[in-house]
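Colleague: I'd like to ask you about the structure that follows.
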């Protein structure tokens, strides 16, 4: 029974795909992607959106400062949670985590979440002086801090342009975060938190938030603490010393080229096998001269007699000109004889 269950587990394509994804995805990116999906599924049972969403009035006047950190856990739609989990677990998250290190990537994410919410609360409270209802505006969902990460990753990537999701439009990487946020606002309406997420991404990329992030030397000392020994020993954990920096994108490009060559060769093998199978299964067709082209299944056709077809003589301009001159000389000779 144990052997049969082990064989069925190895043959399960979903289990194998999950194990492959788990093996190639860094630790924090995997945890955040799974956490967003778990929180969305749990929202069908207990909706915590209003308990964790960043609402300026409750954050500033009720002392509920935990909303500054926990707001990404609520307010995610199905598509939003799926796209956010894909971005954090298979594209933006792994690239940044390999480039910065796990601890530094976590610090960047925390700075993005808290910074967006602090700016959101401050701007809403200023606007509430003229319109009090603005103090009850809501900032929730994972996409505002995710746009900060996408902006940092896009501005660090080596490629010149990027495709805008499913649209056949190539956007220069410098303006890709703006185009992505504009597309979301076109679908959902204006959102201040999304704009703040993109703005903080540009600020981080150009060094305006470096004072809020711990230096690499401090992160290295933290990772040597005994309480983190088990976490740092995880193969998926990227230490500060093992961070690849800009080389993370070079490695990603090489892996993508290798995967493309592998998939291309596999497709060529499948197509070649399909052609051979089709050629083997194709029936031999026999046409009768008086039957109007009927087909008999797999009957072998006798060899058709070879009939000689007369070929008309080839005429060239030089040959025609010589004949015309000879006929003219002949007529001229005949005329002189008559004279």
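In our numbering, the protein residues as written are 7 to 345. Backbone N, C-alpha and C define an ideal beta-carbon position, used for all residues, glycine too.
Need the endpoints of the alpha helix (DSSP H) that residue 177 sits in, please.
Modeller: That residue, residue 177, is in no alpha helix (DSSP H); its beta strand (DSSP E) goes 176-178.
Colleague: Considering only C-alpha positions, which residue in the set 227, 146 and 239 is nearest to residue 56?
Modeller: Closest option to residue 56, Cα to Cα, is 146.
Colleague: Can you tell me whether residue 175 is buried or exposed, with buried defined as 16 or more other CB within 10 angstroms of its CB?
Modeller: Exposed: under 16 other Cβ atoms inside 10 Å.
Colleague: Residue 203 and residue 187 - do their beta-carbons sit closer together than 9 Å?
Modeller: A contact, by the Cβ cut-off of 9 Å.
Colleague: Exposed or buried, what is residue 230 when buried is set at 16 or more other beta-carbons lying within 10 Å of its beta-carbon?
Modeller: Looking at its Cβ environment, which holds fewer than 16 other Cβ atoms inside 10 Å, residue 230 is exposed.
Colleague: Just tell me which of 91, 118, 94 and 237 has its CA closest to the CA of residue 209.
Modeller: Residue 209 has its Cα closest to that of 118, out of 91, 118, 94 and 237.
Colleague: Quick one: which unbroken beta strand (DSSP E) runs of 3-plus residues sit fully inside the segment 175-204? Chain order, please.
Modeller: Within the segment 175-204, the complete beta strand (DSSP E) runs of at least 3 residues are 176-178.
Colleague: Please state whether DSSP places residue 145 in a helix, a strand or coil.
Modeller: Strand.
Colleague: What is the rounded straight-line gap between the Cα of residue 73 and the Cα of residue 94?
Modeller: Approximately 21 Å, taken between the alpha carbons.
Colleague: Would you kindly check if the distance between the Cβ of residue 54 and the Cβ of residue 80 is under 9 Å?
Modeller: Cβ atoms of residue 80 and residue 54: closer than 9 Å.
Colleague: Can you tell me which of 154, 110 and 109 puts its alpha carbon nearest to the alpha carbon of residue 123?
Modeller: Considering only alpha carbons, the answer is 154.
Colleague: Please report the straight-line C-alpha distance between residue 60 and residue 140, rounded to a whole angstrom.
Modeller: Straight-line Cα distance between these residues: approximately 13 Å.
Colleague: With DSSP run on the structure shown, which of helix, strand or coil describes residue 31?
Modeller: Three-state result, residue 31: coil.
Colleague: Would you mind sorting residue 251 into buried or exposed? The rule is 16 or more other CB atoms within 10 Å of its CB.
Modeller: Looking at its Cβ environment, which holds fewer than 16 other Cβ atoms inside 10 Å, residue 251 is exposed.
Colleague: Measure the CB-CB distance between residue 194 and residue 101 and report whether it falls below 9 Å.
Modeller: Cβ atoms of residue 194 and residue 101: not closer than 9 Å.
Colleague: Decide yes or no for the touch test of the segment 128-138 against the segment 39-54: beta carbon pairs closer than 8 Å, at least 3 of them.
Modeller: Touching, no.
Colleague: Would you call residue 207 buried or exposed, if buried means 16 or more other Cβ atoms sit within 10 Å of its Cβ?
Modeller: Buried, since its Cβ has 16 or more Cβ neighbours within 10 Å.
Colleague: Less than 9 Å between the C-beta atoms of residue 35 and residue 105, yes or no?
Modeller: It is not a contact, given that the beta carbons lie outside the stated cut-off.
Colleague: Drop a sphere of 10 angstroms on the beta-carbon of residue 306, count the other beta-carbons inside from all chains shown, and report buried for 16 or more, exposed for fewer.
Modeller: Bear in mind that a pLDDT of 43 at residue 306, under 50, signals an unreliable position, so the number given afterwards is only what the model happens to contain. Looking at its Cβ environment, which holds fewer than 16 other Cβ atoms inside 10 Å, residue 306 is exposed.
Colleague: From what residue to what residue does the alpha helix (DSSP H) around residue 115 run?
Modeller: 108-133 is the extent of the alpha helix (DSSP H) around residue 115.
Colleague: Among residues of its own chain, excluding the 5 on either side of residue 179, which ones have a beta-carbon nearer than 8 Å to its beta-carbon?
Modeller: So the list reads 160, 161, 163, 165, 166, 167 and 168, once near-sequence residues are dropped.
Colleague: Quick check on DSSP: helix, strand or coil for residue 300?
Modeller: The predicted position of residue 300 is uncertain, since its pLDDT is 47 and thus under 50; no value can be drawn from it.
Colleague: Would you identify the three-state DSSP class for residue 274, choosing helix, strand or coil?
Modeller: Since pLDDT at residue 274 reaches only 42, below the 50 mark, its modelled position is unreliable, and no value is offered.
Colleague: Check whether the Cβ atoms of residue 98 and residue 177 lie closer than 9 Å to each other.
Modeller: No, Cβ-Cβ distance for residue 98 and residue 177 is not below 9 Å.
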